[in-house]
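Peer 1: Residue numbering for the sequence shown is -16 to -1, 1 to 723, as defined by mature numbering (1 follows the signal peptide of the UniProt record, and there is no 0). Encoded as structure tokens, here's the structure I'll be asking about.
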Amino acid sequence: MLYVLSLVLFSLTAFAQKKNDAYQYHIQRTTSPIVLDGKVDEPAWQTTQLAQSFWMVLPMDTSRARVPTDVRMAYDDQYIYLSAVCYLDTVSRAQQANYMVESLRRDWNFGRNDNFIFFIDSFDDQTNGFAFGTNAVGAQWDGLMYEGGKVNLSWDNKWTSVVRNYPDRYVLELAIPFKTIRYKAGITRWGINFSRQDLNSTEKSAWAPVPRQFPTASLAYAGILVWDQAPPVPGPNISLIPYALSGLSSNYQAKTPTQTRFDAGLDAKVAVTTSLNLDLTVNPDFSQVDVDQQVTNLDRFELFFPEKRQFFLENGDQFANFGYTNIRPFFSRRIGLGGVPIRFGARLSGKLNKDWRLGIMDMQTGSTDGAGPGGAPLPAQNFAIMALQRRVFARSNIGVLFVNKETLDNVVVNDKPLYNRYNRNLGFEYNLASANNLWSGKLLYIKSFTPNQTIDNAVYAGNLQFTDRRWLLLGQWETVERNYTAEAGYVPRRGYGRATGSIGYTFLPKEGSILSHGPLAQSSYVFDPAGRETDNTSYISYSFTTRSRSVFTAWTATDFVRLLQPFDPTNSGRETLATGTEHSWKSWGTVFVSKPQRLFTYGFTTRYGGYYANGTRLNLTADVGYRFQPYVSLAASASYNDIRLPAPWNRTTFWLVGPRFDLTLTNTLYLTTFVQYNEQVKNMNVNARIQWRYKPASDLFIVYTDNYLPTVGQPNNDVIPFAIKNRALVLKWTYWWNI
């Protein structure tokens, strides 16, 4: 049935016209200089087309925006220029500050800042692109766009901007080098849209209208950027990004001497064409990357933590997003973490033309003592990945992915190799995206190849989703056979089939304090290879969103689990429940997020109900934040779990606490301190990072990390609440050099 519906939708997308084709901005080459000063008084701006009369997206999408925004664009041989005059809502702001922002920190939270962003679809394929913008005090925001409306903010590149504040408006000017973005030479029509958020009026708007159920980043609803002539080819485009690093580390648990570290490495970016980029890295280091946010883990399967390392991010969606959330044949965090060094790597990625997209990556790691299972040595490994994607119809595509993990100089124990000599995955998928963004779906097939595993080693999956202003409908099926193996991927569970269905409806009142409300019902059934049910979760919720953007949700759920292996319900290394035992329970909970247009914000979640072995589980979480605009942002989160089970577990409680302090002295100098206390894993982590962006995309980092072992309640340790486990200090310098 899913296959038939997909074929029907093929025909619907084949001849669909782009939704906002009538919204066209004609950009012209400037013949006089533009100075980025936030004044917009240069003669060059006066001859450009003016984009104004934005459409409201929120709270309603049926009228023009009430808060005005004026946008102009121009270009020369090196840069694309944009200016935006963002007028303030002076009526509702009469007794308030002129703007609402978190801080001067880069890549801020969209929902908590007055901001202006624009989205470039430089291939007019309505799928991939670039996003740039600032908040009302000039903190930059940039990212790579993928899947038609998502933005990866971990991407970072060179561009400049200036914001100037006035009593009734703030003015943005920015310049983006042609060398920063990727586009096909000769194409004179790009996709473009401008987005504005004004928190005090609770208004989000866009130049080309976007239905309220979609983000303003939805490229299916972008307008057209029409060039007066083909954009200039920027010429040789080679960037060298060296780094030098010095550090100290101490392991107090092992009682080893303090170790010193001196290291250096190099990244390079080579534009093979204006749309195809070659990335090279030698001895990379990622010590400045933000630490993972810890969670209390009560799951039976491995948790997922996102990739944050720069090298893996540009065009990374073609590799990392193949498959589903829990079926990823390639997951870049398998490479070079846990003390495993990356020796070198290369990636060729980008567009061959409007329809074809290519990605090829090869990474080589070094051998490491004690990094394998059980403390065994881990040999050098090579990871080779190839991805090819072909656009079909309006916005859909067909993709192929090949992943090869090869073990070099294998470790032999008792005349047997400790690791598989190779593990390979070959996958095919069809991604459906209708021209109007209402229909989406996927058909997926993957097969793995591992020595001595020739049967039951495939994945079959498919889903179809419909989303409009009121309705959400989803159906999905997935089968992961018992011998399917993705050593370089993320597939936490094997040997199962899962059927999932969701239905939701949204009511849209025309007046009153409630902006929208409605129910959502979802059910998921999991079966073993013999067709017997092993898991089921059925969930129903009801959500309310106010016109001030606060959200409240209440939910109830039923769960059933038949354990396929022993499991400790506290996930803390204690006794386990037996394989084959069956457990079922009911639970309920709430979620609340406060309106973002206040200096003090907060949210909470609750969960109470049954648990394994006829026990109960209570979970309470809270998040609070306060900002001293625009320099200081304070945030804290806390989670408490109270699990009550029969003997031998009895009562178990876990606290997870994580305060965060952000000080932004300027939009190029940041101090971030993050503390995480995780009672479940008995660890407290302190991470402090100073970042000085002394030139665009060039940084100096000072990173300090501490890990402590809670000792309260242990013999002879009641006086000292925490004992130091390890400590590290790193100084790192990077420089972006364009040749």
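C-beta atoms are modelled at their ideal positions from N, C-alpha and C, and glycine is treated no differently. Just so it is clear, the structure is predicted and the values come from calculations on it, not from any experiment.
1. Just mark Ile723 as buried or exposed, buried being the case when its beta carbon has 16 or more other beta carbons within 10 Å.
2. Have a look at Val687 and Tyr9 and give me their C-alpha separation to the nearest angstrom.
3. Tell me which residue opens and which closes the alpha helix (DSSP H) that Trp29 is part of.
4. Provide the residue span of the alpha helix (DSSP H) that contains Gln243, from first to last.
5. Per the contact definition of three or more C-beta pairs closer than 8 Å, is the stretch 374 to 386 in contact with the stretch 408 to 415?
6. Rounding to the nearest angstrom, what Cα-Cα distance links Ala58 and Phe306 in this structure?
7. Pick helix, strand or coil for residue 726, following the three-state DSSP scheme.
8. Tell me which residues share the same chain as Ile439 and place their Cβ nearer than 6 Å to its Cβ, disregarding the 5 neighbours each side in the sequence.
9. Mind checking Pro580: buried by the 16 CB within 10 Å criterion, or exposed?
10. Using three-state DSSP, classify Gln294 as helix, strand or coil.
11. Do Asp126 and Asp105 come within 8 Å of each other at the CB atom, strictly closer than that value?
12. Tell me whether Asp339 sits in a helix, a strand or coil according to DSSP, three-state version.
13. Tell me, which residues are paired with Glu566 by DSSP?
14. Answer yes or no: do Leu693 and Asn667 have a C-beta to C-beta separation smaller than 8 Å?
15. If you measure between the beta carbons of Gln437 and Thr469, is that distance less than 8 Å?
16. Return helix, strand or coil for Ser316, following the three-state DSSP convention.
17. Let me confirm a value: Gln79 is counted as buried when at least 16 other C-beta atoms fall within 10 Å, else exposed. Which label applies?
18. Going by beta carbon distance, what residues of the same chain come within less than 7 Å of Leu183, once the five residues before and after it are set aside?
19. So what's Gly358 in DSSP terms, helix, strand or just coil?
20. Are the beta-carbon atoms belonging to Phe102 and Asn4 less than 8 Å from one another?
21. Closest to Gly117 by CA distance: which of Gln181, Phe107, Lys163 is it?
22. Considering only C-alpha positions, which residue in the set Leu640, Phe645, Leu649, Ser223 is nearest to Tyr661?
23. Alpha carbons only, please: which of Gly350, Tyr403, Asn366, Asp393 is nearest the one belonging to Gly358?
24. Secondary structure at Asn4, three-state DSSP: helix, strand or coil?
25. Who are the near neighbours of Gly502 in its chain, counting only those whose CB is closer than 6 Å to its CB and skipping five residues on each side?
26. Among Thr718, Trp717, Arg711, Leu715, which one has its Cα closest to the Cα of Lys239?
27. In its own chain, which residues sit with a C-beta less than 6 Å from the C-beta of Lys389, not counting the 5 before and 5 after it?
28. Is it buried or exposed, Val256, if we count other Cβ atoms within 10 angstroms and call 16 or more buried?
29. Can you give the Cα-Cα distance for Gly322 and Asp269, rounded to whole angstroms?
30. Assess, as a yes-or-no matter, whether the stretch 624 to 644 is touched by the stretch 528 to 542 under the definition of 3 or more beta carbon pairs within less than 8 Å.
31. Using 8 Å as the cut-off, can you tell me whether the stretch 208 to 216 makes contact with the stretch 168 to 175, which would need three or more C-beta pairs spanning the two stretches below that distance?
32. For the beta strand (DSSP E) containing Phe270, name the first residue and the last one.
33. Which runs of the beta strand (DSSP E), 3 residues or longer, sit entirely within the stretch 612 to 651?
34. Kindly identify the DSSP beta-bridge partner or partners of Ala159.
35. Looking at the unbroken alpha helix (DSSP H) that takes in Phe303, where does it start and where does it end?
36. Taking all protein chains shown into account, decide if Asp45 is buried (16 or more other Cβ within 10 angstroms of its Cβ) or exposed.
Peer 2: Looking at the coordinates:
1. By the C-beta density criterion, Ile723 is exposed, having fewer than 16 other C-beta atoms within 10 angstroms.
2. Roughly 45 Å between the two C-alpha positions.
3. It spans 27 to 30 - the alpha helix (DSSP H) in which Trp29 sits, taken as one unbroken run.
4. Following the DSSP letters along the chain, one finds Gln243 in no alpha helix (DSSP H) but inside the beta strand (DSSP E) bounded by residues 243 to 255.
5. Segment contact: the stretch 408 to 415 against the stretch 374 to 386, three or more CB-CB distances shorter than 8 Å; contact assigned.
6. Each residue's Cα considered, the two are about 37 Å apart.
7. Lying before the first or after the last residue shown, residue 726 is absent from the chain, which here runs from -16 to 723.
8. Around Ile439: no qualifying Cβ.
9. With 16 or more other Cβ atoms within 10 Å, it is buried.
10. The three-state secondary structure of Gln294, taken from DSSP, is helix.
11. Contact check for Asp105 against Asp126 fails: the beta carbons are separated by 8 Å or more.
12. In the structure shown, the three-state DSSP call for Asp339 is coil.
13. Note: Glu566 sits in a beta bridge opposite Arg546.
14. Yes.
15. It is a contact, given that the beta carbons lie within the stated cut-off.
16. The answer is helix: DSSP assigns Ser316 an H, G or I state.
17. Unreliable placement is indicated for Gln79, whose pLDDT of 45 sits below 50; no coordinate value is reported for it.
18. Apart from the 5 residues on each side of it in sequence, Leu183 sits with its Cβ closer than 7 Å to the Cβ of Met84, Asp98, Pro580, Gln581 in its chain, given in chain order.
19. If DSSP states are grouped into helix, strand and coil, Gly358 belongs with the helices.
20. No, Cβ-Cβ distance for Phe102 and Asn4 is not below 8 Å.
21. Closest in C-alpha terms to Gly117, from the list Gln181, Phe107, Lys163, comes Gln181.
22. For Tyr661, the nearest C-alpha among the options comes from Leu640.
23. The option with the nearest alpha carbon to Gly358 is Tyr403.
24. DSSP, read as helix, strand or coil, puts Asn4 in coil.
25. Cβ neighbours of Gly502 beyond the five flanking positions: Tyr489, Thr490, Phe491.
26. Looking only at Thr718, Trp717, Arg711, Leu715, the smallest Cα-Cα distance to Lys239 is reached by Arg711.
27. Here the set comprises Phe367, Asn407, Glu471, Ala472.
28. Around the beta-carbon of Val256, fewer than 16 other beta-carbon atoms lie within 10 Å, marking it exposed.
29. Cα to Cα, Gly322 sits roughly 13 Å from Asp269.
30. Taking one beta carbon from each stretch, the stretch 528 to 542 and the stretch 624 to 644 have fewer than 3 pairs nearer than 8 Å; the two do not touch.
31. Flag = yes, the stretch 208 to 216 and the stretch 168 to 175 touch.
32. It is not in any beta strand (DSSP E) - Phe270 carries neither H nor E in the DSSP assignment.
33. Uninterrupted beta strand (DSSP E) stretches at least 3 residues long and entirely within the stretch 612 to 651 occur at 616 to 628, 635 to 650, given in chain order.
34. According to DSSP, which records beta bridges pairwise, Ala159 is partnered with Tyr65, Thr144.
35. It spans 301 to 304 - the alpha helix (DSSP H) in which Phe303 sits, taken as one unbroken run.
36. Label assigned to Asp45: buried.
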